[in-house]
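Right, one structure below, let's go through it.
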Amino acid sequence: MTGLDGTHAAASVVALHCSLGSGRQWTKLAGALGGTPFMAPDISGYGVAACGRDWPRTLDGEIARLEPWLAKANAPIHLIGHSYGGAIAFRLATASPYAQRIRSLTLIEPILPTLLRDGSADVRLYDRFARIAQVVSQDIFDGAALEAVEAFTAFWAGSGPREQFSPSGRLRMIEQADKLPYDFNAALDLDGVAAAARALRVPTLLVSGGLSPYVTQRIVAKLAAIIDGAEMRHLPAAGHMLPVTHAERVNPEILRHIWRAEELAKLELAACAGPTEAAATTAQPAGSARPHLIFRRPSFWE
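Sequential numbering of the sequence shown, starting at 1, is according to UniProt numbering.
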């Protein structure tokens with residue numbers, strides 16, 4: 001893919017990482033993008049943003065912490081988010097001051113568990129996610145960071161093999177594990193996800209792995225059915241960390257999606273003779289789910 005040039009406004013690519021990760025997870029994507037403006041900021045609590053303990057408890061709070069980075073982006077943004085970063089990206093694209101600047105959206109197994117409260121089968125998945133959130137958070141509150149990291153990584157391994165971390169990598173996760181309860185809280189706090197997704201009018205790519213926990217596979221499937229015109233890519237042999245472990249498969253899909261969105265923007269610009277109805281369309285924001293944020297006993301998926 002060459003640089004994103006043309007007669008229309010140049011765009012920046014912004015990629016948001018998962019919990020216990022950092023912007024470095026997008027190194028291969030940055031290389032694939034060539035000279036395209038690219039930013040992969042560290043989400044609060046991780047990487048260079050790990051200092052302090054005054055962390056946000058909501059996705060809106062996370063977006064506010066990213067403001068210095070987002071302010072540097074050129075007007076249109078191609079937004080990419082993985083896992084917890086996917087939840088932040090979804091909120092950015094549906095209910096933030098930056099929503100009108102999003103030219104394309106790529107969500108890789110976004111953590112939007114409240115979408116699963118609809119339907120009896122999906123509620124069981126929501127309950128299971130809420131249970132692991134409670135287990136990890138309680139371990140952190142008890143000062144058992146190692147146990148929290150073990151439970152966290154075991155859950156996200158899904159049906160695939162447990163990921164083997166280097167001693168330095170495991171130490172880094174233990175040192176940053178205190179942020180996990182905040183991430184769980186923010187994800188479980190978001191309500192109105194289905195309505196916000198239904199109103200989304202941005203070219204959207206959804207990606208999932210067949211070895212991931214079924215909860216995230218189901219979230220992606222539901223979003224694909226709700227978001228108008230969304231494209232879905234499923235990698236049967238990949239797990240939840242597929243943008244890292246399967247970058248050679250995922251990155252080309254992201255680049256193609258960005259290219260198509262750029263071409264669509266050029267066509268819309270050429271066809272535009274005045275104000276469009278799309279410009280007046282505002283996505284219905286997702287709001288707080290605080291009254292429903294209750295940790296329940298797990299229901300095991302069969």
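Quick reminder that beta carbons are idealized off the backbone N, C-alpha and C, glycines included. Note that the structure is predicted; figures quoted are calculated from it, not measured.
Nearest to residue i (by Cα), restricted to the options the options
i	options	result
Lys28	Gly21, Val250, Arg172, Leu211	Val250
Gly81	Asn74, Ala89, Ala75	Ala89
Gly31	Phe141, Ile254, Glu263	Ile254
Ala93	Val123, His246, His78	His78
Asp60	Ala87, Gly47, Arg103, Arg53	Ala87
Arg117	Ala186, Arg201, Gly192, Gln217	Gly192
Lys179	Gly160, Trp26, Trp55, Pro41	Trp55
Ser83	Gly21, Val48, Ser120, Pro97	Gly21
Ala199	Gln217, Ile226, Thr106, Phe141	Ile226
Pro236	Asp228, Gly229, His246	His246
Val48	Gly34, Leu66, Leu33	Leu66
Pro110	Gly239, Asp228, Leu242, Thr216	Thr216
Tyr126	Ala99, Ala187, Pro243	Ala187
Met39	Met232, His240, Ala73	Ala73
residue 346	Gln25, Pro181, Leu16, Leu264	The requested residue 346 does not occur in the structure, where the chain is confined to residues 1 to 302.
Arg57	Trp69, Ala50, Ser44	Ser44
Trp26	Leu242, Ala265, Gly119	Leu242
Glu231	Val123, Leu107, Lys266, Glu175	Leu107
Ala265	Glu248, Val202, Leu115, Arg218	Val202
Ala238	Gly85, Arg24, Glu163	Glu163
Asp189	Gly229, Val220, Glu62	Glu62
Ala195	Met173, Glu263, Leu223	Leu223
Where the alpha helix (DSSP H) containing residue i begins and where it ends
i	result
Gly31	27-32
Leu180	180-189
Leu107	Note, Leu107: premise wrong, no alpha helix (DSSP H); beta strand (DSSP E) at 102-108.
Gly143	Gly143 -> no alpha helix (DSSP H), and no H or E assigned at all.
Thr245	242-245
Ser168	167-176
Ala225	214-226
Arg198	193-198
Coarse secondary structure for residue i, derived from DSSP in three states
i	result
Thr204	strand
Ser12	strand
His257	helix
Met232	strand
Gly209	strand
Glu163	coil
Ala157	coil
Ser19	coil
Asp122	helix
Ala270	helix
Ile111	coil
Thr281	Any reading at Thr281 must be qualified, since the residue scores a pLDDT of 42, below 50, and its modelled position is unreliable; the value itself is stated next. DSSP places Thr281 in coil when its eight states are reduced to three.
Ala130	helix
Ala237	coil
Arg290	Note that Arg290 scores a pLDDT of 41, beneath 50, so its modelled location is shaky and nothing firm can be said.
CB-CB length for residue i against residue j, believed under 8 Å
i	j	result
Pro213	Trp156	6 Å
Phe184	Ala133	4 Å
Leu211	Gly160	4 Å
Thr204	Leu105	5 Å
Ile258	Val13	7 Å
Ala151	Asp139	6 Å
Arg103	Ala10	10 Å between Cβ atoms; not a contact.
Arg101	Ala75	6 Å
His240	Gly158	6 Å
Tyr98	Leu70	6 Å
Ala145	Ala177	4 Å
Gly85	Leu16	3 Å
Ignoring anything shorter than 3 residues or poking outside the segment 22-99, list the beta strand (DSSP E) runs there in chain order. 77-82
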